[in-house]
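230 is the number that my numbering gives to position 112 of the sequence shown; each next residue is one higher, with no gaps. C-beta: ideal position from N, C-alpha, C; glycine also. Here the structure is a predicted model, which is why all the values come from computation and not from measurement.
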Amino acid sequence: MKDDQLTPGRRVLLRAAAVLGLGATAGCMGTGGPAAPGPSGSAGAPAGGPQAAARPLKPSAYRLQPFAGAGPQRAARALPRVRTAPILRMAGRDRSMVLTFDDGPDPRYTPDILRTLRRHDVRAMFFVCGEMAVDNKDLLREMADDGHLIGNHTWDHPLLPRMNRTLMRAQIERTCDVIEDATGEAPSWFRAPYGAWNRNAFQLGAELGMEPLAWTVDTLDWTEPGAETIVRRVRAGAGPGVVVLSHDAGGDRSGSVAALHTYLPELLDSGYRITVPSPAMA
């Protein structure tokens, strides 16, 4: 027998040693290595074939889920119920009112509105359009730092009932992403452009964690009637729980800015408290 020839017994011994060596190597690697193709014995593992690379989730897939990792987990946000009509005014009998501004932020008008609100130490709501917000994230951060609520007013102000569900979701979701990216918080309130709601709008808003808010008093400032007319409409509609609609973008809003300078101190002097809603007030 030549030296390089192996008897059957020696072949068996060498094969056994090789098997033992592979087992030891696998034990050192732990579970970090890829699983061999074929049926898996552990629950939840793939049944066979190479494992696909994990794809990062879109923000919409994890927005309302708790984050895992080191440190305390953030609890998932409770979803609101799906409504069949928007909220028109805040509950309660005290002399509280809510001021809301739509379509911005616009660097020509929003900063002046923010300064006026800051001067009187009151909080308001801004329903922003994504196409305006994405280029003015500094104003979103200023709103959040001052304690104002930032709501979702879709991406570019479409008439939602004319859209299918997929396009509507994109309009709402993209704006949520811009707000959350700028402020670190997803919006809790949604307002349909033109006040035009349908079942899909209510459902998608609720799925993204937002309550639908409309208004009680429409200043019609988008028609640019002048500051005096806007002030007169706010005075006439003032009352407990009232939600006032104005605009800080979408046209010449100098009248809206000037009107706020007049009616805000008047409301405060009359005993009204200008506040922002919480889900419990809805």
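Among S388, D264 and L217, whose alpha-carbon lies nearest the alpha-carbon of F245?
Counting from 1 along the sequence shown, the entry for residue 245 is found at position 127. That would be L217, whose Cα lies nearest to the Cα of F245.
On the DSSP bridge list, what partners appear for R391?
Your numbering for residue 391 matches position 273 in the sequence shown. For R391, which the question treats as bridged, DSSP gives the partners S214.
Taking the alpha helix (DSSP H) that Q258 belongs to, which residues open and close that run?
Looking up residue 258 in the sequence shown gives position 140. The question names Gln, but residue 258 in the sequence shown is Leu. It spans K255 to D263 - the alpha helix (DSSP H) in which L258 sits, taken as one unbroken run.
What residue range is occupied by the uninterrupted beta strand (DSSP E) comprising L363?
Here residue 363 corresponds to residue number 245 of the sequence shown, with the count starting at 1. Looking at the DSSP string, the run of the beta strand (DSSP E) that includes L363 is V361 to H365.
Endpoints, the alpha helix (DSSP H) within which L232 is located:
In the sequence shown, the residue the question calls residue 232 occupies position 114. It spans T228 to R237 - the alpha helix (DSSP H) in which L232 sits, taken as one unbroken run.
L322 versus G369, Q289, S396 and G373, residue with shortest Cα-Cα distance
Residue mapping note: residue 322 aligns to position 204 of the sequence shown, counting from 1. Minimum Cα distance to L322 is reached at Q289.
Beta strand (DSSP E) segment containing M243, residue limits
Along the sequence shown, one-based indexing puts residue 243 at 125. Run containing M243: M243 to V246, per the beta strand (DSSP E) assignment.
Can you tell me whether H266 is buried or exposed? The criterion is at least 16 other CB atoms within 10 Å of its CB, across all chains shown.
Along the sequence shown, one-based indexing puts residue 266 at 148. Buried, since its Cβ has 16 or more Cβ neighbours within 10 Å.
Inter-residue CB distance, V296 and G357 (contact presumed, cutoff 8 Å)
Locating residue 296 in the sequence shown gives position 178, where the first residue counts as 1. Locating residue 357 in the sequence shown gives position 239, where the first residue counts as 1. The C-beta separation of V296 from G357 comes to about 34 Å, leaving the pair out of contact by the 8 Å criterion.
From the DSSP output, in three-state form, read off N318 for me.
Numbered from 1 along the sequence shown, position 200 holds the residue referred to as residue 318. Correct three-state label for N318: helix.
Closest to R259 by C-alpha separation, out of M328, T228 and R287, would be which residue?
Residue 259 sits at position 141 when you count from the first residue of the sequence shown. Measuring from the Cα of R259, the nearest candidate turns out to be T228.
Contact defined as beta carbons within less than 8 Å: I believe M250 pairs with D221. What is the distance between those atoms, to the nearest angstrom?
Looking up residue 250 in the sequence shown gives position 132. Looking up residue 221 in the sequence shown gives position 103. Going by Cβ atoms, the distance from M250 to D221 rounds to 7 Å, so yes, they are a contact pair.
Residue range of the beta strand (DSSP E) that G269 falls in?
Reading the sequence shown from its first residue, position 151 is the one you call residue 269. Following the DSSP letters along the chain, one finds G269 inside the beta strand (DSSP E) bounded by residues L267 to N270.
So that I know if they touch, is there some Cβ in chain D lying closer than 7 Å to that of D212?
This model lacks chain D altogether; it includes just one protein chain.
Three-pair Cβ contact test at 8 Å for the stretch 336–354 versus the stretch 377–391:
Segments in contact, yes.
Given Y312, which residues of its chain have a CB within under 7 Å of its CB, disregarding the five upstream and five downstream residues?
For this step, residue 312 is matched to residue 194 along the sequence shown. L277.
So which of N282, N316 and R309 has the shortest CA-CA distance to F219?
In the sequence shown, the residue the question calls residue 219 occupies position 101. When each option's Cα is compared against that of F219, the closest is R309.
Supposed close pair E342, D366 - CB separation, criterion 8 Å:
Residue numbering aside, residue 342 sits at position 224 when the sequence shown is read from its first letter. Residue numbering aside, residue 366 sits at position 248 when the sequence shown is read from its first letter. Contact flag wrong, Cβ pair sits at about 13 Å.
Hey, out of V200, L206 and L197, whose CA is closest to V335's CA?
The residue you call residue 335 lines up with position 217 of the sequence shown. Out of V200, L206 and L197, L206 has the C-alpha closest to the C-alpha of V335.
Can you give the Cα-Cα distance for L338 and T202, rounded to whole angstroms?
The residue labelled residue 338 in the question sits at position 220 within the sequence shown. The residue labelled residue 202 in the question sits at position 84 within the sequence shown. Distance between the alpha carbons of L338 and T202: 25 Å.
Using DSSP's beta-bridge definition, name the partner residues of D220.
Position 102 of the sequence shown, counted from the first residue, corresponds to residue 220. D220 is bridged to F245 and H365.
Exposed or buried, what is P225 when buried is set at 16 or more other beta-carbons lying within 10 Å of its beta-carbon?
As a working mapping, residue 225 is identified with position 107 in the sequence shown. Label assigned to P225: exposed.
Would you mind sorting H271 into buried or exposed? The rule is 16 or more other CB atoms within 10 Å of its CB.
For this step, residue 271 is matched to residue 153 along the sequence shown. Burial call: buried.
Just verifying my parser: in three-state terms, what is the DSSP assignment at D62?
Look at the range of the chain in this structure, 119 to 400, and you will see that residue 62 is not part of it.
Length of the line joining the Cα atoms of R280 and W315
For this step, residue 280 is matched to residue 162 along the sequence shown. For this step, residue 315 is matched to residue 197 along the sequence shown. Each residue's Cα considered, the two are about 10 Å apart.
Under the assumption that G269 contacts M243 (Cβ atoms under 8 Å), give the Cβ distance between them as a whole number of angstroms.
Taking the sequence shown and counting its residues from 1, the one referred to as residue 269 is at position 151. Taking the sequence shown and counting its residues from 1, the one referred to as residue 243 is at position 125. Contact flag correct, Cβ pair sits at about 6 Å.
So, for P198: in the same chain, excluding its five sequence neighbours on each side, which residues have a beta-carbon less than 6 Å away from its beta-carbon?
Here residue 198 corresponds to residue number 80 of the sequence shown, with the count starting at 1. Taken in chain order, the residues that qualify are A324 and E329.
Going by C-alpha distance, which of E298, D264 and A319 is nearest N282?
On the sequence shown, residue 282 is found 164 positions in, with the first residue counted as 1. That would be A319, whose Cα lies nearest to the Cα of N282.
Locate the alpha helix (DSSP H) running through E346, then write down its first and last residues.
Locating residue 346 in the sequence shown gives position 228, where the first residue counts as 1. Bounds of the alpha helix (DSSP H) holding E346 are A345 to G355.
Buried or exposed: which applies to V362, given that a residue is buried once 16 or more other Cβ atoms fall within 10 Å of its Cβ?
As a first step, residue 362 is located in the sequence shown; it is residue number 244 there, counting from the start. So V362 ends up on the buried side.
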